[in-house]
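A.B. asks: Here it is, the structure in full.
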Amino acid sequence: MNNLPYAEVAVLLPLYNTFVYRVPDHFAATAEPGMRVLVPFGKRRVTGYILKRQDTDQGFNAKAISDVLDDLPLFPESMIDLFKWVSGYYIHPLGDVIKTALPAGLNRYDVTMVSAVEKGLDLYGQGRLTPGENQVMAELTVSGKISLKHLAKKLGNPGINSLAAKMEEKGLILRSSTLTQDRARLKKEKFLSLADNPEESIRMSKKRLQILDTLKQQPEMSLTSLKKVVPSARRLVKPLEAAGYIRSVEREVFEDPLGDPVDPDIPPELTSEQEGIVNRLTSDMDKGFERYLLFGVTGSGKTEVYMRIVRQALEKEKAALILVPEISLISQTERRFRARFGNNVAVLHSALTSTEFLDQWRKILKKEAKVVIGARSSIFAPVPDPGVIIVDEEHDTSYKQETGLRYNARDLAVVRAKMDNIPVLMGSATPSVQSYHNTRTGKFVELELKNRVNRKPLPEITLVDLKKLKDANGIDRIISPTLSTAVRKCLDRGEQALIFLNRRGFSTFPICGSCGSSLKCRYCDITMTFHKNESEYRCHICGFSYTGKVACPDCGSKSIKPLGFGTEKIENMLFTLFPDARIARMDQDTTSRKGGMVKLLKMIKNRTVDIVVGTQMLAKGHDFPSITLVGIVCADLSLNFPDFRASERTFQLLAQVAGRAGRGDMKGSVVMQTYNQDHFSITSSRKQDFTEFYLNEIPFRKALLYPPYSRIIQLKISGREKEKVRLTAETAGRFLQTGIEKMEHAGNTIQVLGPVEAGIPKIASRFRWQILLKGSSASSLNRLVRELILDKEIKNRKGVSIAVDVDPYHML
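In this text, residue positions in the sequence shown follow my numbering: the first is 130, and each later residue adds one.
Printed below as a string of structure tokens:
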């Protein structure tokens, strides 16, 4: 720990540069890199993060740090270079990068509070105030003291700041600042032990004697544990402590979010393919940074390879970081790793409470857990001494964050591994085109598992041409006779079936029977979805809903026809076809409550369900040995999206969901219904042949200069005023074209596509335009976009925001 007098601080504001603050003498020994500090910024105080201590203020008249908010750093100093890289590459303020990386609820700042004074109350009662002042006073008489932000929201008055300032000048109200508290707090527990020499004698009741006898049996005991023996212990220990019979100390304690106990497992014997890969990775582990792509068919035992490599890291006294794409997969992965590594496992994901997340974070920092498993945000886990990073299902789009800091955790895994000089292992049965191309060009080392464990065959896939069923009646048009027959045979054999449709709800295209208009969201340019169980129409983007009895907004008719279908309608159809079957549905609607996902997975595992209907959350990495039949209701849903990755996503999703069949002792089969049976995505997924898909797809990418043959940045321009958004988009487009003309002498080739209206022109009452930039040089694209967002004319356009998405995944 150094005692240098100044600190470089990243403040939690939308700013790209850092600031220097003076470290007061009373914080000199405690203010370390990785800690949060409260610093003055203008007229307010904000949270900042210490990046380093230094011996000069670099010529600035540095202000002093107001307070140090942590007793220990929240992240190791080694991660600061990663944060700076992320900020630069994704063109995002450094303070917000660190905030995104840390557990939620760890930021403190000044909030302006408003309260009424006597003069204001008197004048309000006499009716001598303006209408705006009357509104404020009416609210303050009810609320008492309220934050200015909440007051603006309650009154629907965004200009409340200037009104409040004028009212304070008149002596009608009082404004004051208060510091917010962290929402996430470490849990602390009181621990008790017997003292050596009591200072005074007190009367001993039976309960007090019981407490002393209990503490004699063990050196130290938590108050919570003692209360299980003596329920009134909390009240009784105070006089015993005051008299010197016992002593107490407060310590951090960790809440265990890992659920049920797990029995230890016995590592299985490796196949020859697995053994060869494990030996290769083990021998290379000490060689430093390297990128590996483990290309293994579904059911080939990739997870066992991961666990063997993690064991090697632990034997070298290193830690391991394992990324999985979905919360739904964490439970399965965590149980398998806990069975092998016991309590040395920590989990990080958004379904944890803020306190649970912070507990796990601290546990990792203190090296009390060296195996870290989590979703995309866990790439920022504060692992002090990592030995390997593993990215399971590396192709999955869930690794891409779509709001705020729009990072890709898979790509950051490579960057972090390079900075820590350790190997990174990415695995998938259906690799991303980008990663597989990297193996072809020598950037990644390819490792391959060609066979399933125990030589189990891949499922046999039958295609059903839905075009031939367009004149069929009722259910047969959606669940073909081929599929329903296969399900019946599966149930008769006592096996389980999985029916897949990547669209939730009952009716996905409700239209008015009178005027023919589709029922659209009031705030988004998107059709509502009918959810029959809740009897409501719901927008799947902003969450707005209508009652199930809503009238047509255009003509007033109540004749709304529920066209289209989703998982809820498929579930109803299956109940009709198979009344003897136990059916469960797994989609966002049935798993939104905490524990809902784990409950459904247990039902499948324990075979208390015969047919499970689900969306893509069922397609990813789950191991259900008793599922022998997979039915894909419509294989083409994602094929016609206006996105250059549509074919890739379709192939990956179909191959992954097909791979859920036949993973146990019984042979699996798949019925795939499609309108495009000759499309190469469909034919390749039927053969489970990624190489064939890649060889068909890559010429299109090359011809149109899309990744991996270029880098792209998407600018998303949005605001509540349609015309202002359009004008800003056009101004940004001209700025970029001018910037490119200035760069031409350097030989840079950058294409600007747009500005155009976004695929969904309005979301949550915000109108949307976009610009896409393509180029061969990531640094040139980055420099051009950075100049745009820092341009004063662009920055000063109030009411319009420009979000930068580097390496975007979704084009709508």
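The beta carbon of each residue, even a glycine, is placed where N, CA and C say it ideally should be.
State the DSSP-derived secondary structure class of LYS927, mapped to helix, strand or coil.
C.D. replies: Your numbering for residue 927 matches position 798 in the sequence shown. Correct three-state label for LYS927: coil.
A.B. asks: Exposed or buried, VAL271, counting other C-beta atoms within 10 Å across all chains shown (16 or more means buried)?
C.D. replies: Mapped onto the sequence shown, residue 271 falls at position 142. Burial call: exposed.
A.B. asks: Tell me, please, whether the segment 180-194 touches the segment 469-483 by the rule of three or more beta-carbon pairs shorter than 8 Å.
C.D. replies: Too few Cβ pairs lie closer than 8 Å, so no.
A.B. asks: Taking just the CA atoms, how far does ILE918 sit from LYS924?
C.D. replies: Counting from one through the sequence shown, the residue named residue 924 turns up at place 795. Counting from one through the sequence shown, the residue named residue 918 turns up at place 789. One C-alpha to the other measures close to 6 Å.
A.B. asks: Would you list the residues sitting across from HIS660 in a DSSP beta bridge?
C.D. replies: Mapped onto the sequence shown, residue 660 falls at position 531. DSSP lists GLU665 as partners of HIS660.
A.B. asks: Looking at C-beta atoms only, is the number of pairs between the segment 883-899 and the segment 645-658 that lie closer than 8 Å three or more?
C.D. replies: As far as the Cβ criterion goes, the segment 883-899 touches the segment 645-658, which means the pair count is three or higher.
A.B. asks: Just verifying my parser: in three-state terms, what is the DSSP assignment at LYS903?
C.D. replies: Residue 903 sits at position 774 when you count from the first residue of the sequence shown. In the structure shown, LYS903 sits in a strand (DSSP, three-state: E or B).
A.B. asks: CB-CB under 8 Å to TYR150, same chain, minus the five flanking residues each way: which ones, in chain order?
C.D. replies: On the sequence shown, residue 150 is found 21 positions in, with the first residue counted as 1. Excluding positions up to five away in sequence, the list reads TYR135, ALA136, VAL138, VAL166, VAL168, GLY177, ALA191, LYS192, ALA193, ILE194.
A.B. asks: So, at 6 Å on beta carbons, what are the nonlocal neighbours of PRO754 in its own chain, with the 5 sequence-adjacent residues on each side left out?
C.D. replies: Position 625 of the sequence shown holds residue 754. So the list reads ARG792, GLY793, once near-sequence residues are dropped.
A.B. asks: Taking the continuous beta strand (DSSP E) assigned at ILE869, which residues delimit it?
C.D. replies: In the sequence shown, residue 869 corresponds to position 740, counting from 1. Run containing ILE869: none in the beta strand (DSSP E); it sits in the alpha helix (DSSP H), 851-872.
A.B. asks: Between THR241, ILE889, LEU269, which has its C-alpha nearest GLY254's C-alpha?
C.D. replies: Locating residue 254 in the sequence shown gives position 125, where the first residue counts as 1. For the residues THR241, ILE889, LEU269, the minimum Cα distance to GLY254 belongs to LEU269.
A.B. asks: Can you give the Cα-Cα distance for PRO131 and GLN530, rounded to whole angstroms?
C.D. replies: Within the sequence shown, the letter at position 2 stands for residue 131. Within the sequence shown, the letter at position 401 stands for residue 530. According to the sequence provided, residue 131 is Asn. The question's Pro does not apply to it. Answer to the nearest angstrom: the Cα atoms are 37 Å apart.
A.B. asks: Quick one: what does DSSP say LEU144 is sitting in, helix, strand or coil?
C.D. replies: Position 15 of the sequence shown, counting from 1, holds the residue named residue 144. The answer is coil: DSSP assigns LEU144 none of H, G, I, E or B.
A.B. asks: Given a cut-off of 7 Å, decide if LYS690 and GLY725 are closer than it, judged by their beta-carbon atoms.
C.D. replies: Working through the sequence shown from its first residue, we reach residue 725 at position 596. Working through the sequence shown from its first residue, we reach residue 690 at position 561. No, the pair does not count as a contact, with Cβ atoms beyond the cut-off.
A.B. asks: Among PHE822, ASP818, ASP739, LYS891, which one has its Cα closest to the Cα of SER776?
C.D. replies: Along the sequence shown, read from residue 1 onward, the residue named residue 776 stands at position 647. Ranking the options by Cα distance to SER776, first place goes to PHE822.
A.B. asks: Could you check if ARG535 is buried or exposed, using at least 16 other CB atoms within 10 Å of its CB as the buried criterion?
C.D. replies: Residue 535 sits at position 406 when you count from the first residue of the sequence shown. It is buried - the Cβ of ARG535 has at least 16 other Cβ atoms within 10 Å.
A.B. asks: Beta strand (DSSP E) containing LYS597: first to last residue?
C.D. replies: Counting from 1 along the sequence shown, the entry for residue 597 is found at position 468. Element bounds for LYS597: n/a, residue is neither H nor E.
A.B. asks: Our contact map puts PRO205 next to PRO511 with C-beta atoms below 8 Å; I'd like the distance itself, whole angstroms only.
C.D. replies: Along the sequence shown, one-based indexing puts residue 205 at 76. Along the sequence shown, one-based indexing puts residue 511 at 382. Contact flag correct, Cβ pair sits at about 6 Å.
A.B. asks: In whole angstroms, what is the alpha-carbon distance linking VAL582 and LEU627?
C.D. replies: In the sequence shown, residue 582 corresponds to position 453, counting from 1. In the sequence shown, residue 627 corresponds to position 498, counting from 1. Straight-line Cα distance between these residues: approximately 21 Å.
A.B. asks: DSSP on GLN346, reduced to helix/strand/coil?
C.D. replies: Along the sequence shown, one-based indexing puts residue 346 at 217. GLN346: coil per DSSP, three-state reduction.
A.B. asks: In terms of residue numbering, what span does the beta strand (DSSP E) encompassing ARG173 cover?
C.D. replies: Translated into the one-based positions of the sequence shown, residue 173 becomes position 44. Note, ARG173: beta strand (DSSP E), 173-183.
A.B. asks: Since CYS641 is in the beta strand (DSSP E), which residue starts that stretch and which ends it?
C.D. replies: Translated into positions along the sequence shown, residue 641 becomes position 512. Start and end: 638-641.
A.B. asks: Under 6 Å Cβ to Cβ from HIS478, same chain only, skipping five residues before and after it: list those, please.
C.D. replies: Reading the sequence shown from its first residue, position 349 is the one you call residue 478. So the list reads ILE456, ILE459, GLY503, ALA504, once near-sequence residues are dropped.
A.B. asks: Assuming THR658 contacts THR676 (C-beta within less than 8 Å), just tell me the rounded distance between them.
C.D. replies: Residue mapping note: residue 658 aligns to position 529 of the sequence shown, counting from 1. Residue mapping note: residue 676 aligns to position 547 of the sequence shown, counting from 1. Not confirmed; about 14 Å, so no contact.
A.B. asks: Who does MET801 pair with in a DSSP beta bridge?
C.D. replies: Translated into the one-based positions of the sequence shown, residue 801 becomes position 672. LEU592, ILE761.
A.B. asks: So, with DSSP's three-state summary, where would you put VAL935?
C.D. replies: On the sequence shown, position 806 is the one that residue 935 refers to. Three-state DSSP puts VAL935 in a strand.
A.B. asks: Just to check my reading of the structure: SER429 and LEU576 have Cβ atoms closer than 8 Å, yes? What is that Cβ distance to the nearest angstrom?
C.D. replies: Your numbering for residue 429 matches position 300 in the sequence shown. Your numbering for residue 576 matches position 447 in the sequence shown. Going by Cβ atoms, the distance from SER429 to LEU576 rounds to 11 Å, so no, they are not a contact pair.
A.B. asks: According to DSSP, what are the bridge partners of THR307?
C.D. replies: Residue numbering aside, residue 307 sits at position 178 when the sequence shown is read from its first letter. Paired residue(s): VAL240.
A.B. asks: For ARG376, name the three-state secondary structure that DSSP assigns.
C.D. replies: As a working mapping, residue 376 is identified with position 247 in the sequence shown. Three-state result, ARG376: strand.
A.B. asks: Three or more C-beta pairs under 8 Å: does that hold for the segment 240-260 against the segment 145-161?
C.D. replies: Result no; under three Cβ-Cβ pairs closer than 8 Å.
A.B. asks: DSSP has TYR150 in a bridge; who is on the other side?
C.D. replies: Here residue 150 is taken as the residue at index 21 of the sequence shown, counted from 1. Answer is ALA136, bridged to TYR150.
A.B. asks: Do you know offhand how far ARG849's Cα is from LEU321's?
C.D. replies: Mapped onto the sequence shown, residue 849 falls at position 720. Mapped onto the sequence shown, residue 321 falls at position 192. Near 59 Å, if we compare the C-alpha coordinates of LEU321 and ARG849.
A.B. asks: I need the DSSP call for TYR675, collapsed to helix, strand or coil.
C.D. replies: Here residue 675 refers to the residue found at position 546 when the sequence shown is read from its first residue. Reduced to three states, the DSSP call for TYR675 is strand.
A.B. asks: May I ask whether a heavy atom of the ligand NAD can be found less than 6 Å away from the beta carbon of LEU494?
C.D. replies: With respect to the ligand NAD, the structure shown offers nothing to examine, as it has no ligands at all.
A.B. asks: If we call anything under 7 Å between Cβ atoms a contact, is ILE220 one with ARG915?
C.D. replies: Counted from its first residue, the sequence shown places residue 220 at position 91. Counted from its first residue, the sequence shown places residue 915 at position 786. Yes, the pair counts as a contact, with Cβ atoms nearer than the cut-off.
A.B. asks: Is it buried or exposed, CYS644, if we count other Cβ atoms within 10 angstroms and call 16 or more buried?
C.D. replies: Position 515 of the sequence shown, counted from the first residue, corresponds to residue 644. Burial call: exposed.
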